[in-house]
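Below is one structure, written out as structure tokens; the observations come after it.
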DNA sequence: CAGTGGTCTAGACCACTCC
DNA sequence: GAGTGGTCTAGACCACTGA
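Residue numbers (my numbering), protein chains in the order written: chain G, 2 to 274; chain V, 2 to 274.
And the structure:
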């Protein structure tokens, strides 16, 4: 199902009408068994799910316009008004941007994810970003509490990462990350030869996992011995612990991480609605 | 303009078609000068603004249905589809709830404001809520930093509150609150004879101020002498400081507060999108 | 049963962008 | 000027609620 689709073919114009840009819904409007989202769902939600899949599978490059409302409506055999409703929901979720007179575009991951820099360290900014380093990567059956958060079955494995961020050679953040292995096998391979500054865009580009929502729980805790050693601080130094559960657009848990920042360096912003 | 409207008259049924339920837009569709939102705005936004004003002024009780889409559309002389778009935006902002077969209702403030309990203290819950106490209330010209956040002119006054929350006779939270006096005069009077558990619903009921969005900035700070005294803790005890700017639906700043929680008691949740 | 909101259609006219 | 999305209309049929 999750064949990689090479979007680099004809990235700009003169799109061939080939398989890669075809609706995953069958032409007659019913659903192929493999793509069966509940057919009792309203049409616009079925179309939304289908279109979202195509976006996640990179059917269109970031700077390439989707087909116009009219063309998409014709392709899915629905009215333009209904297609507009589909696109409106995608705009609302930050998946696409629409520009009058130009077209509809896949939103860039960097612009989409306000989640990238919610935890900051004092004295740092977008320009002076702490350097990420992965200090451990293994596959493992996670602690029960993590397995529960990720809705895993008892023996399901995870990809575990221990990552730090440093600023001026001083470690300012230490985090433990668990990812359901089933969806993140490609990430393991990727991280063996790459050190990306952010992980979320890699989840998307390597694993076709598009993160949509996060729930953060913050508490203050004294550092235990292991974490204190990472920071080269005394045990029991006060730190802030941010526990974050990430969900995809279907509400399925995608990542659980707990991040520690020594209290003096801690800074965090959130917009609440 | 902000006449109090008594919504207790005919709270259930048999609504008279009196002034209180009339559109604030003029019948011919143009705008009265006092209510002039920009007439170049699309019709659905003008209607939205008008309807929102009526909701804030409590033209309908919380358990009373608004007129149906059809009736509202007729009243504003727009198509039902456009009225639906208006109501959709209000649903999206959590202002109203729509129930198929029943009608459209003003959302309850308590359900609307997920902001009510984002900062918690360890060991507390909705059932065991810490008790709020207002320990100081004055009108004052705020510090420059606060005035800037609230977009006040140099000599604009604010209502200043110092409030604490206690749990089992132990103070777990101390907060300093600044409100633009112009919009909050009635609050001052109200708080002289009431001790509500939450302020936001009072902003709404007493001052017709409906809060829509908050931006929180969290940092860890050692307590200064004054704050340490409030908690009866040593100076320099580590605490978390949450600075919150609240905005109304128009994006105008409505409140600025800085809350302190001793680190050991600190707990905070946020949903990030 | 009448009345409500939820979905969907098939048009219209406009503002804006790019060629 | 051709093509895009933004607004708006005027219907239709449906699912659900409450009397």
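Think of the CB as a built atom: it goes at the ideal place given N, C-alpha and C, for glycine as much as any other residue.
Let me know the secondary structure DSSP gives residue i once reduced to three states.
i, result
"residue 78 of chain V", "coil"
"residue 157 of chain G", "coil"
"residue 238 of chain V", "coil"
"residue 233 of chain G", "coil"
"residue 251 of chain V", "coil"
"residue 125 of chain V", "coil"
"residue 98 of chain G", "strand"
"residue 73 of chain G", "helix"
"residue 227 of chain G", "helix"
"residue 85 of chain V", "helix"
"residue 109 of chain G", "coil"
"residue 266 of chain V", "helix"
"residue 91 of chain V", "helix"
"residue 119 of chain V", "coil"
"residue 298 of chain V", "The structure shown does not extend to residue 298 of chain V, since chain V is modelled only from 2 to 274, so the question has no answer here."
"residue 274 of chain V", "coil"
"residue 162 of chain G", "strand"
"residue 103 of chain G", "coil"
"residue 30 of chain V", "Residue placement at residue 30 of chain V is poorly supported in this model, since its pLDDT is 40, which falls under 50; the coordinates still yield a value, given next. The answer is coil: DSSP assigns residue 30 of chain V none of H, G, I, E or B."
"residue 175 of chain G", "strand"
"residue 219 of chain V", "strand"
"residue 41 of chain V", "coil"
"residue 211 of chain G", "coil"
"residue 60 of chain G", "coil"
Can you tell me where the alpha helix (DSSP H) holding residue i begins and where it ends?
i, result
"residue 205 of chain G", "201–208"
"residue 188 of chain V", "182–194"
"residue 256 of chain G", "Note, residue 256 of chain G: premise wrong, no alpha helix (DSSP H); beta strand (DSSP E) at 254–263."
"residue 150 of chain V", "145–150"
"residue 1 of chain G", "Chain G is shown from 2 up to 274; residue 1 of chain G falls before or after that span and cannot be answered."
Does the CB of residue i have a neighbour CB from chain G at under 9 Å?
i, result
"residue 58 of chain V", "no"
"residue 93 of chain V", "yes"
"residue 214 of chain V", "yes"
"residue 161 of chain V", "no"
"residue 269 of chain V", "yes"
"residue 139 of chain V", "no"
"residue 217 of chain V", "yes"
"residue 239 of chain V", "yes"
"residue 265 of chain V", "yes"
"residue 123 of chain V", "yes"
"residue 261 of chain V", "no"
Taking the beta carbon of residue i as the centre, do at least 16 other beta carbons fall within 10 Å, making it buried, or is it exposed?
i, result
"residue 264 of chain G", "buried"
"residue 180 of chain G", "buried"
"residue 50 of chain G", "buried"
"residue 143 of chain V", "buried"
"residue 64 of chain G", "exposed"
"residue 196 of chain G", "exposed"
"residue 230 of chain V", "exposed"
"residue 271 of chain G", "buried"
"residue 71 of chain G", "exposed"
"residue 175 of chain G", "buried"
"residue 131 of chain V", "buried"
Under a CB-based cut-off of 9 Å, is residue i close to chain V?
i, result
"residue 166 of chain G", "no"
"residue 119 of chain G", "yes"
"residue 178 of chain G", "no"
"residue 274 of chain G", "yes"
"residue 220 of chain G", "yes"
"residue 108 of chain G", "no"
Can you name the start and end residues of the beta strand (DSSP E) that residue i belongs to?
i, result
"residue 134 of chain G", "132–141"
Next on the checklist: Taking contact to mean 3 or more Cβ pairs, one atom from each stretch, closer than 8 Å, check whether the region 97–106 of chain V and the region 127–141 of chain V are in contact.
Outcome noted: Judged by Cβ distances under 8 Å, the region 97–106 of chain V makes no contact with the region 127–141 of chain V, as fewer than three pairs qualify.
Next on the checklist: Does the region 243–250 of chain V come into contact with the region 200–220 of chain V, if we say contact requires no fewer than three beta-carbon pairs (one atom in each stretch) closer than 8 Å?
Outcome noted: With three or more CB-CB distances shorter than 8 Å, the region 243–250 of chain V counts as touching the region 200–220 of chain V.
Checklist entry - Quick one: any contact between the region 184–192 of chain V and the region 217–229 of chain V, if contact means 3 or more CB pairs under 8 Å? => result Taking 8 Å as the limit for Cβ pairs, the verdict is that the region 217–229 of chain V does not touch the region 184–192 of chain V.
Checklist entry - Given 8 Å as the limit, is there contact between the region 234–245 of chain G and the region 253–262 of chain V, that is, 3 or more CB pairs closer than that? => result These segments do not touch.
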